[in-house]
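Visitor: Could you have a look at this structure, given as structure tokens, before my questions?
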Amino acid sequence: MPKRMTTTQKMWSAFLRNRTALIGGIIAVMILAVAIFAPWLAPYDPLRQDPYMRLAPSSVKHWLGTDDFGRDILSRIIWGSRVSLIIGISSVSLGMIAGTLLGLIAGYYRGKVGNLIMRGIDVLMCFPDLILAIAITAVLGANLGNLILTISIVMTPRFARLAHGIVLTLAEREYVLAAQAVGVRVPRILRRHIFPNILGELLVAATLWVGVAIRLEANLAFIGLGVQPPTPTWGNMIKQGVDVLINAPWISVYSGLSILITILSFNMLGDGVRDMTDPKLRGT
Amino acid sequence: MFQYSVRRILQSIPILFIVLTLVFVVVRVLPGDPAVAALGDYATKEAVDALRIKLGLNDPLWKQYLTFLWDLCHGDLGTSAITGYGVAAQVKKVLPHTLELTVFGIMFGYVFGIPLGISAGVKRNTFVDYFNRIFSLLGLSVPAFYLGILLILVFSIQFPLFPVVGAGEFSDLASNLRHLFLPSFTLGLLMTAYITRMTRSSILNALREDYVRTAQAKGLLERVVLYKHVLRNALIPIVALGGLYAIVLIGSSVMVEIVFSRPGLGKLMVGAIKQRDYITLQSVMVIYAIIVVIINLLTDLVYGLIDPRIKYR
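Residue numbers (the numbering used here), protein chains in the order written: chain P, 437 to 720; chain H, 821 to 1133.
Listed below in structure tokens is the structure:
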């Protein structure tokens, strides 16, 4: 008789069998490693200028060429990964915490409080993500901390809606009703009975939305509302490259490719894991 | 249906009202004095004070708020302190460019996305399906401005087929369309990716329904099952989510306008932020919010039209 697997083992083996999730996960981990070990991986100082090597195409010395200050593109891309990942991951985490809390409260205390929260969420969702982000950045000013705050504000309504929707269905389940019937207090019901059941779906969404957050940051940087130069970010590198697009397209193309691959890896990971955990799609 | 429409239209009024209030508040808390921004840092105190009075900035906040709403009801978006132009006139000038861009993008997405999605859903796990999934994952991941830059590199620099800058004149249709092609193609590719993905999963869901099995079991032609049973039902989520993606696309249009230096609402907004032109910023945000509220309203109305169950809720 085969050994019985625990749930974690089952999930793990399903993950290894799901090619999309696996490839996405491997790439995401590699990009994370690049960001962490940037000082050791980058061949040059990302800020070092070399006036004799301006706009050099890719060569053995500079694999991805140089920009109009003679700075090494590869090194700048490697360092730039830090800004994207820090902003992407921390703003989604903050947005997830705030949004889930709001969604849980609104879903459980329907009536006045719940209504008020959800109408507030509706209002925030009246603006496309990017337009809301641009407006908030204009108020707060562009630096790393404010960008994290801005993007987490944009992410909060998404998580609130998601959590709210799931809670509405869970609140009618027998085990929740049973807990209410025996007099378990509301915070405990939310914590012990509802939260563990929505965590999976929230994490899948969070993985997908890290990509959205990274793209928002890149958009803001391209407009000039991101982390300011000379600190390299992928967005401000593309912006800088656009000015010399005809003569040195590699600056924009390679920086953009880094954004694309990063977002793609998070999307593949999130997509794959969702297919895995969605009971409707299982076994197909 | 009439009752439902009226109820739905009435529901969007309070939302719009709160949105307007929010925009008003956000613009008031922006750092910096708009009068100083307009006159420069070296303006005399008298000049700044005079402009503050002219702009109504010395009025109490509630009075500014009422003036803002009153003017808005009359289609008056105020006068920019920076450029001295009426904002309504400026918006009127650029709005058609933005609308033209996004409407073409959305149409492109539906025209190509629905057939692609259907073929992927019906021929699941074949080459067509894999191709579509890779295409839609790429579309979901690529930032609009990067896609725009790549298209410029190929179609304007490598093969100079289309102009890169501007929007052309509305009076000259050929030039207008030539300028419109690349930007709306950029948005269109993104929308196609969204719609393809959504259509595919919607078809897959519909294919699993009992009524489809019944239809197949009673021996209907595959084609009839597909068109009459699967597609009709798969259409509902496509309409519902299509509105959502249209809103995402409006966000992306800002980036496309900047990359292609196209006049439009997005370009106006970003310019206003850089010049600290608060009145223009406020108006553009209001216009965006109105567009989104209208899209949501239309989505719900069409939704009610194709899914009779919705109206009675």
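Even glycine gets a Cβ: it sits at the ideal position worked out from N, Cα and C.
What three-state label does DSSP hand P669 (chain P) in the structure shown?
Guide: The question names Pro, but residue 669 (chain P) is Thr in the sequence shown. Of the three classes helix, strand and coil, the one that applies to T669 (chain P) here is coil, per DSSP.
Visitor: Given the structure, does Y611 (chain P) come close to the ligand FMN, in the sense that its CB is under 7 Å from one of the ligand's heavy atoms?
Guide: This structure does not include the ligand FMN; it has no bound ligands of any sort.
Visitor: Between S588 (chain P) and chain H, is there a C-beta pair that is closer than 8 Å?
Guide: No, because no Cβ of chain H sits closer than 8 Å to the Cβ of S588 (chain P).
Visitor: List, in order along the chain, the chain H residues whose C-beta lies closer than 9 Å to that of M712 (chain P)?
Guide: Result: empty, since nearest Cβ-Cβ is about 15 Å, beyond 9 Å.
Visitor: Please tell me whether M673 (chain P) and H600 (chain P) are closer than 8 Å, where the distance is taken between their beta carbons.
Guide: Result no, Cβ atoms of M673 (chain P) and H600 (chain P) do not sit closer than 8 Å.
Visitor: Taking just the CA atoms, how far does P1083 (chain H) sit from V1090 (chain H)?
Guide: Distance between the alpha carbons of V1090 (chain H) and P1083 (chain H): 11 Å.
Visitor: Taking just the CA atoms, how far does T669 (chain P) sit from R512 (chain P)?
Guide: So the alpha carbons of these two residues sit roughly 8 Å apart.
Visitor: Of the residues P:P475, P:S520, P:L477, P:A450, which one's Cα is nearest the Cα of G387 (chain P)?
Guide: Chain P is shown from 437 up to 720; residue 387 (chain P) falls before or after that span and cannot be answered.
Visitor: Enumerated in chain order, which unbroken segments of the alpha helix (DSSP H) with a length of 4 residues or greater are wholly contained in the stretch 1062-1125 of chain H?
Guide: List check, alpha helix (DSSP H) in window: 1085-1094.
Visitor: Grab the span of the alpha helix (DSSP H) containing K446 (chain P) for me, first residue to last.
Guide: Where K446 (chain P) is concerned, the enclosing alpha helix (DSSP H) stretches over 443-453.
Visitor: Go ahead and label M466 (chain P) buried or exposed: buried means 16 or more other beta carbons lie within 10 angstroms of its beta carbon, across all protein chains shown.
Guide: Answer is exposed; the Cβ neighbour count stays below 16.
Visitor: Could you work out which residue in H:I1099, H:V1112, H:I1107 is closest to A857 (chain H) when comparing CA atoms only?
Guide: Answer by Cα proximity: H:I1099.
Visitor: Take the Cβ of L452 (chain P) as the centre, count every other Cβ of all protein chains shown within 10 Å, and call the residue buried at 16 or more, exposed below.
Guide: Result: exposed.
Visitor: Alpha carbon to alpha carbon, what distance is there between R1028 (chain H) and I587 (chain P)?
Guide: Their Cα atoms are separated by approximately 38 Å.
Visitor: Span of the alpha helix (DSSP H) holding S976 (chain H)?
Guide: Note, S976 (chain H): premise wrong, no alpha helix (DSSP H); not H, not E.
Visitor: Any residues in the stretch 475-502 of chain P with a beta carbon nearer than 8 Å to a beta carbon of chain H? Which ones, in chain order?
Guide: Listed by position along the chain: nothing, the set is empty.
Visitor: On the criterion of 16 or more Cβ atoms from any shown chain inside 10 Å, does T720 (chain P) qualify as buried, or is it exposed?
Guide: Residue placement at T720 (chain P) is poorly supported in this model, since its pLDDT is 39, which falls under 50; the coordinates still yield a value, given next. Classification for T720 (chain P): exposed.
Visitor: Would you mind telling me which residues of chain P sit closer than 7 Å to I1070 (chain H), beta carbon to beta carbon, in chain order?
Guide: Residues of chain P passing the Cβ test: P564.
Visitor: Residues in the stretch 947-966 of chain H with C-beta within 9 Å of chain P's C-beta atoms, listed in sequence order?
Guide: Residues R953, L957, L958, L960, S961, V962, P963, A964, F965, Y966.
Visitor: Quick check on G906 (chain H): does DSSP put it in helix, strand or coil?
Guide: The answer is strand: DSSP assigns G906 (chain H) an E or B state.
Visitor: Cutting at 6 Å between CB atoms, please list the residues of its own chain near K675 (chain P), excluding the five before and the five after it.
Guide: Cβ within range, chain order: F658.
Visitor: Who are the neighbours of S520 (chain P) on chain H, taking C-beta pairs under 8 Å?
Guide: Per Cβ cutoff of 8 Å: no residues; S520 (chain P) is ~11 Å from chain H at best.
Visitor: T1019 (chain H) to G937 (chain H), Cα distance in whole Å?
Guide: About 5 Å.
Visitor: If the cut is a Cβ gap below 9 Å, which residues of chain H does L700 (chain P) touch?
Guide: Residues of chain H passing the Cβ test: L957, L958, L960, S961, V962.
Visitor: Starting from M821 (chain H), trace the alpha helix (DSSP H) both ways and give me its first and last residue.
Guide: Where M821 (chain H) is concerned, there is no enclosing alpha helix (DSSP H), given that its DSSP letter is neither H nor E.
Visitor: Suppose contacts are defined by Cβ-Cβ distances below 8 Å. Is A474 (chain P) in contact with R546 (chain P) by that definition?
Guide: No, they are not a contact pair.
Visitor: For the alpha helix (DSSP H) holding H600 (chain P), just list the boundary residues, first then last.
Guide: Per DSSP, H600 (chain P) belongs to the alpha helix (DSSP H) from 580-606.
Visitor: From G925 (chain H) to F888 (chain H), what does the alpha carbon distance come to, in whole angstroms?
Guide: Approximately 33 Å, taken between the alpha carbons.
Visitor: For L842 (chain H), decide whether its Cβ has a neighbour in chain P, counting only Cβ atoms nearer than 8 Å.
Guide: Taking Cβ atoms only, chain P reaches closer than 8 Å to L842 (chain H), which makes this a yes.
Visitor: Is F822 (chain H) buried or exposed, if buried means 16 or more other CB atoms sit within 10 Å of its CB?
Guide: Exposed: under 16 other Cβ atoms inside 10 Å.
Visitor: Which value, in whole angstroms, describes the spacing of the CA atoms of Y1123 (chain H) and A1060 (chain H)?
Guide: Cα-Cα distance, rounded: 6 Å.
Visitor: I'd like to know whether the C-beta of I838 (chain H) is nearer than 8 Å to at least one C-beta of chain P.
Guide: At least one chain P Cβ lies under 8 Å of I838 (chain H).
Visitor: What separation, rounded to the nearest whole angstrom, lies between the Cα atoms of V1113 (chain H) and T946 (chain H)?
Guide: Taking the straight line from one Cα to the other gives about 40 Å.
Visitor: Would a check of beta-carbon distances place V709 (chain P) closer than 8 Å to chain H?
Guide: So, not an interface residue.
Visitor: Quick one: give me the first and last residue of the alpha helix (DSSP H) that S900 (chain H) is part of.
Guide: Counting along the chain, S900 (chain H) falls outside any alpha helix (DSSP H), and DSSP gives it neither H nor E.
Visitor: Could you tell me whether the Cβ atoms of Y1014 (chain H) and G929 (chain H) are closer together than 8 Å?
Guide: For Y1014 (chain H) and G929 (chain H), yes; Cβs fall inside 8 Å.
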